[in-house]
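Reviewing the structure listed below.
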Amino acid sequence: LRAKLLGATAESADAVARIEGGFDQACEGVRAALAHGVRVALLVVVGRANATELPRVIDVARDLGVDRVEFEFPLDGVGLGDLRALGARVAGVAALARGRRIEVALRRLSAPPPVDESSPARAGEAESRSRVERSASTA
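According to my numbering, the sequence shown holds residues 143 to 281 in order.
Here it is as structure tokens:
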């Protein structure tokens, strides 16, 4: 099971997610899954708002009893220049995790695949957009 955390504290994670109480709910869910014998990994999408918290995420994982943390670096959230700057920090976090017997996985995500504009969902969006544009032009 993967549980997404967007920060190492309730304050930062809830601010990124824009969901008050989301961090605490995620932690409660992790504890419940672990109590039932389910292996849980924390999934952390790294962006500008939480990049400085990576070492503290390892502490959260240890405190929860999680033995795997997956860090994802979306190109649109961090930027290539920032990815290079994060290199030393990530190496330090990986060493910290090893010392606490927590496995770390790193992934760099590229842009999402193009959306099929002919899909029914896209057609509905286009129709709605067209209605809004017509309303705005007649107002």
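Even for Gly, the Cβ is constructed at its ideal location relative to N, Cα and C.
- In this structure, DSSP gives Arg198 a helical state, which the three-state scheme calls helix.
- Gly164 counts as buried, since no fewer than 16 other beta carbons sit within 10 angstroms of its beta carbon.
- Among the bridge pairs identified by DSSP, Leu143 is matched with none.
- Shown here for Arg144: same chain residues with a beta carbon closer than 8 Å to its own, the five before and five after excluded, namely Val182, Ala183, Leu184, Leu185, Glu212 in chain order.
- For Val158, the uninterrupted alpha helix (DSSP H) run begins and ends at 152 to 159, by DSSP.
- Between Glu195 and Ala150, the CB-CB gap stays under 8 Å.
- Counting only residues of its own chain and dropping the five nearest sequence neighbours on each side, Asp209 has a CB closer than 7 Å to the CB of Arg243, Ile244, Glu245.
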